[in-house]
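In full-length UniProt numbering, the protein residues as written are 1 to 1232.
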């Protein structure tokens, strides 16, 4: 026996027990991630011819420990060295080295038979052994030579690896070309450092400084970034480091690796397979350029939905319809791009295109075709399906990255430098095995935990990285709850829009254009088909069902469609493995098919109810299927060289159907009592019950009969034991929820309520199981995206409801079913129709009145028969700015339709922009209207057309005019004419545009001048307009006025000369309380008896809104005094003495430098003096708020004021200390 001691870094490649070919052994094959069968996959290539009978296989050791397998390498290591450092070393045989681990065979037998030992584990000893032995007749092995003396002469050598685990097989971070900086980085450093700073940096790096400033970058070109960064930090150049990390890729290694990563994805994702969703992969399946076959999918931002999600895709699709209209959908793939430190969750049902979307997103990133692609320099894409297969090969993030990206010459340490520009993409959260396991009993990390680390932008391994992940709704919402709170964006993947659906159908049928039109029409007529057609795999099913001509009548339920899809699936896949089926009837009647389906149903139910994604060959074998289930096409098979093959259902919507079918056939629900997934199967179960009762679907009845017969033959007593419980279970589904019942006799159908939509969905699947309830009437409100009016009509008819008190429909199509509901409404034979042209689209039927809201383009869709029955038509017009010439034509044409009906037409309301006034005049002339009602003109120009509309309006000959002047952006500019009232909202610059002939007709004026005028210094225009109004010699009142002290004299003169009356509030800013201001106060609406509110504040000069002012309005005077703009001394005793009572609030928040404290002391002294003045009036005083916040520990006179929010006791002591009479002070302190 010859023994050689090796470095652990010289560890062998996968060992076959034979000499290796030149160049070393080949790499082991990658795990099969495309679902390829193991028996079809290539066998592991060991690089040389096999001995007779194949490679040697280890035998179970006999009592002498002899085995046929003869490994060439032995590892001596300490099992679990960390918990027990005193453990004795153990010897194991080395099979291979994968991912920086020895994969071994253990002589312990059953205990840990195949240990994995890290290469860098302390005290490892690796031995290369050439062993020869002879076999005795008794089976004992005698070693021909004892080389123990040779072993003792050698010492084990252990080479420890770097603590930083690299993607590049563990190479250390020395100063290599890859670790050195990019030229742009060195140039930036050279430009930003002064000459002295450059000399200091070079010296600290040990570089001879004998060159000029221009040679700086050349001298640094061989310095590793981390060395350079450390020295820049030492000289305080953090700003330079921040710029480099945010704006560059720093090192040559990072730049090269980023480019290689893009090239890798570009090559890998350029082409994709073109196959139909439910068809098997064959030799005819071709590949095409991804960009040529990719169809833009609709995405929209969405909110977190706080509910318990199930595995049901049907329920998820219905939920999606509720919020699809809340946000604006788009086909822009850039929508899923995360912003800084953000995790994006892409949510969608199975088969809707999540993987396709992420692959295209990755491909576009690789080609630099994404918006703001510079914000992402590294993208690491992980598939949960692949992670399931290789999960036994990694126990940490480092090992995972080594496994997935073995050729990238960077480490986590490198990536951390630009972590904000790293994007982690994880596809297929719902396919991650054991996702919902709540507890991990293993000491090592689970795959789930490692994935959660990848998803956490706050994780220490790569802080502030970006994340995109996708999965079905249940998985996405579950994972979000497991992660720490961070910035998130939810994206809902909505699949195809109407245009994509049309294109898909046309492509599917090709030259069969008539068939394509028929299918498209059937989809438009069915609410269920409209929802399902948005999912590519469902749309394929719909097209296939009608192309195969499986049905004559329309599909009634989603369950029925899924049944037909199952038949097509079986036909396509089973024909590969058998002589073939000519028709689907042959499939439905074949008992072997039924036996196979029963096995699939049992497997489906077990895994669906347990949230189990993957299952093993051993679990499938227990089902005793007539043919291997992996050959049916329902399962995807994944193989690994080290593990038993695993499986999962290929199409999860078929799994949901098979689970419901299993429950119906077995009628056994007890094992799943309380399981949320049982409730998610309710629609499928009810749909099956419907098909059984209606007996319309012969194919289903034939198949179900076979399934039931075979099940009963296996478990003859099961039906009697479980049928009663199952019937009760089904019956409970269709009890009308209490929220849909009012006063015991009125049915409420409101499709914006979750429980209502859920009930309607279940009723749709099995209306014959409805528990009857007597109702006298109904109220129906159909909003959002629920459009299944046939279902509502059926429910109303089944309940024998003859009266609908209220019917409201949003975005109507005026279908026959909608018209039927209208015929049952309280509208009656004679009714008024109110038509409102604007943005909304709806109709409402109530007693004697039909209300129709429509945009211009939808007016032509309003049925003639509804309008003809009307006795009076009220035509309300909201003419929006965005309306174009086509919209004008639509409105005019509709008005001509109304004239044909020969009905009385009124126009009670018009709202239009001034630029479009001429269009309204044309419309009014078309309708031959002589008098209109209320008129609103936005952004008026006071043109001839506007004046004509005013003359037709309800304004009348005598009217008062209310004018509001303000510059606020939220202050809409318009005029409004109502009976006897003209309201004008105007900015000061437009006052001159108001025509005299309009103002002179007014009987009186009421004017308000807004606060924003002060900001823009436009008081001159407002004052001139007041003078103009006074020239009309009409009564003028001022309801609100905001002015500055400098304008008081002018305003007082105007008021006195023209008898203006101030009826509202008066605000005067920066008051001086001089004679004119006191005169203005007496002219205000204050009155003789009033309460004075005083707010005293001292703040920094840059504080927002630190204006001082007083405000007068009926019975109240408010004085706001800020130290920077007013003095308490200026407030006259005369004004204070007029007041009945005072309410005082004091707040001082100040922090000044030492040379400013004198001013602070003066102000605080002013407050004390002012309080003394108030108390001298012998009027009640309420002290509401007192807070002083001043920072200066060295100023002794201020101690009582420092950082104190005072209570009553403290304030009393302060006031007593200043000899202030507190007889009339009432303390009602409140926090502000």
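Backbone N, C-alpha and C define an ideal beta-carbon position, used for all residues, glycine too. Bear in mind the structure is a predicted one, so any value in this text is a computation, not a measurement.
If you reduce the DSSP assignment to three classes, tell me which class residue i lands in.
| i | result |
| --- | --- |
| residue 655 | helix |
| residue 645 | coil |
| residue 1064 | strand |
| residue 69 | With a pLDDT of 37 at residue 69, under the threshold of 50, the predicted position of this residue should be treated as unreliable, and no value is reported. |
| residue 1114 | coil |
| residue 889 | helix |
| residue 1123 | coil |
| residue 535 | coil |
| residue 1234 | Since the first and last residues shown for the chain are 1 and 1232, residue 1234 lies out of range. |
| residue 237 | coil |
| residue 365 | helix |
| residue 93 | strand |
| residue 1222 | coil |
Can you give me the start and stop residues for the alpha helix (DSSP H) that residue i sits inside?
| i | result |
| --- | --- |
| residue 605 | 591–609 |
| residue 922 | 917–927 |
| residue 478 | 473–482 |
| residue 756 | 754–765 |
| residue 1079 | 1075–1083 |
When you compare each of the options to residue i by their alpha carbons, which one comes out closest?
| i | options | result |
| --- | --- | --- |
| residue 467 | 1044, 446, 379 | 379 |
| residue 253 | 795, 1108, 230, 182 | 182 |
| residue 984 | 1012, 390, 935, 948 | 935 |
| residue 959 | 968, 945, 991, 1005 | 1005 |
| residue 1084 | 1228, 666, 1112, 238 | 1112 |
| residue 1165 | 1179, 1132, 1185, 1127 | 1127 |
| residue 611 | 656, 242, 595, 367 | 656 |
| residue 964 | 994, 942, 947 | 994 |
What residue range does the beta strand (DSSP E) around residue i cover?
| i | result |
| --- | --- |
| residue 343 | 342–347 |
| residue 423 | 422–427 |
| residue 962 | 959–965 |
| residue 779 | 777–782 |
Could you pull out every residue in the same chain whose Cβ sits closer than 8 Å to the Cβ of residue i, ignoring the five residues on either side in sequence?
| i | result |
| --- | --- |
| residue 831 | 848, 849, 850, 869, 870, 871 |
| residue 669 | 663, 678, 722, 725, 726, 729 |
| residue 117 | 75, 77, 92, 101, 102, 104, 124 |
| residue 1220 | 1168, 1171, 1172, 1175 |
| residue 973 | 938, 939, 940, 985, 986, 987, 990 |
| residue 1226 | 1180, 1181, 1182, 1183 |
To the nearest whole angstrom, what separates the beta carbons of residue i and residue j, a pair I think is in contact under 8 Å?
| i | j | result |
| --- | --- | --- |
| residue 560 | residue 687 | 7 Å |
| residue 1115 | residue 1090 | 5 Å |
| residue 1235 | residue 1044 | The requested residue 1235 does not occur in the structure, where the chain is confined to residues 1 to 1232. |
| residue 1058 | residue 1038 | Their Cβ separation, rounded to whole angstroms, is 11 Å, which puts residue 1058 and residue 1038 out of contact at 8 Å. |
| residue 205 | residue 223 | 6 Å |
| residue 933 | residue 956 | The pair is not a contact, with the Cβ atoms about 12 Å apart (cut-off 8 Å). |
| residue 338 | residue 346 | Between residue 346 and residue 338 the Cβ distance is about 11 Å, and since that is not below 8 Å, they are no contact. |
| residue 333 | residue 364 | 7 Å |
| residue 429 | residue 391 | About 15 Å; that fails the 8 Å criterion. |
| residue 600 | residue 652 | With 8 Å as the limit, residue 600 and residue 652 do not qualify as a contact, their Cβ atoms being about 13 Å apart. |
Once the 5 residues before and after residue i are set aside, which same chain residues still bring their CB inside 6 Å of it?
| i | result |
| --- | --- |
| residue 678 | 672 |
| residue 987 | 967 |
| residue 546 | 519 |
| residue 106 | 92, 112, 113, 115 |
Less than 7 Å between C-beta atoms, sequence neighbours within five positions excluded: which residues of the same chain meet that for residue i?
| i | result |
| --- | --- |
| residue 1217 | none |
| residue 968 | 1010, 1012 |
| residue 901 | 867, 868 |
| residue 801 | 747, 775, 777, 778 |
Please tell me whether residue i has its Cβ less than 8 Å away from any Cβ of chain B.
| i | result |
| --- | --- |
| residue 668 | This model lacks chain B altogether, as it is built from one protein chain only. |
Any heavy atom of the ligand FAD closer than 7 Å to the Cβ of residue i?
| i | result |
| --- | --- |
| residue 868 | Ligands are entirely absent from the displayed structure, and the ligand FAD is therefore not among its contents. |
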